[in-house]
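Asker: Its first residue numbered 73, the sequence shown is counted upward by one per residue in my numbering. A virtual CB, placed ideally from N, CA and C, is assigned to each residue, including glycine.
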Amino acid sequence: MFITHPLIKPNTIEARIYQQVIVASALKKNTLCVLGTGLGKTAIAALTIAGILSKKDGKVLIIAPSRPLVEQHYNSMKNFLNIDESKIVVLTGKIPPNKREKLWKEGKIFIATPQVVENDLIANRLN
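1) How is LEU111 classed by DSSP in three states: helix, strand or coil?
2) Mapping the DSSP letters down to three states, classify ALA184 as helix, strand or coil.
3) Grab me the residues of GLN144's own chain with a C-beta within less than 6 Å of its C-beta, minus the 5 sequence neighbours each way, in chain order.
4) For ILE75, which three-state DSSP category applies?
5) What are the partner residues of GLU86, as DSSP defines its beta bridges?
6) Buried or exposed for TYR90, going by 16 or more other Cβ atoms inside 10 Å?
7) Taking the alpha helix (DSSP H) that LEU198 falls in, what are its first and last residues?
8) Nearest-angstrom Cα distance between LYS13 and ILE155?
9) Is the CB-CB distance between ARG139 and ARG172 below 8 Å?
10) Under the three-state reduction of DSSP, which class applies to VAL106: helix, strand or coil?
Below you can see the structure in the form of structure tokens.
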């Protein structure tokens, strides 16, 4: 059985009770999810993002410690989320600052390294 949600692509996330319990908690309050490899932390993140964006307009920031992890999360979100791919934005140091400033304004879901977020905050490219 798969999750059915307007912002989740059909047949991409299996319905697992423990993940749904964690998502329900994350939608109510700040939550730290610590699970072993292969237990679905990325699926939990996608479900939480879908839950948040379906209730209110806003933006989501995912911070990953390295460029390869940024790319991995981007591919996962692109595969799971039923959102225009142009609204899922990768932000790393390889992208010039002036282009990042435009992307911050146009995107909906941002996946970035901490250094990019810090640099763009300091330079007022991001509020």
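Answerer: Concretely, from the data shown:
1) Residue numbering aside, residue 111 sits at position 39 when the sequence shown is read from its first letter. If DSSP states are grouped into helix, strand and coil, LEU111 belongs with coil.
2) For this step, residue 184 is matched to residue 112 along the sequence shown. DSSP places ALA184 in strand when its eight states are reduced to three.
3) Position 72 of the sequence shown, counted from the start, is the residue given in the question as residue 144. Annotation for GLN144: no residue places its beta carbon closer than 6 Å to its own, counting only its chain and skipping 5 residues before and after.
4) Stepping through the sequence shown from its first residue, residue 75 is reached at position 3. In the three-state scheme derived from DSSP, where H, G and I count as helix and E and B as strand, ILE75 is classed as coil.
5) Numbered from 1 along the sequence shown, position 14 holds the residue referred to as residue 86. Its beta-bridge partners are PHE74.
6) Within the sequence shown, residue 90 is the residue found at index 18, counting from 1. If you draw a 10 Å sphere on the C-beta of TYR90, you find fewer than 16 other C-beta atoms in it, and that means exposed.
7) Sequence index remark: in the sequence shown, residue 198 carries index 126 (1-based). The continuous stretches of alpha helix (DSSP H) do not include LEU198, and DSSP gives it neither H nor E.
8) Any question about residue 13 goes unanswered here, given that the chain covers just 73 to 199.
9) As a working mapping, residue 139 is identified with position 67 in the sequence shown. As a working mapping, residue 172 is identified with position 100 in the sequence shown. No, the pair does not count as a contact, with Cβ atoms beyond the cut-off.
10) The count along the sequence shown starts at 1 and reaches residue 106 at position 34. Residue state, collapsed to three classes: coil.
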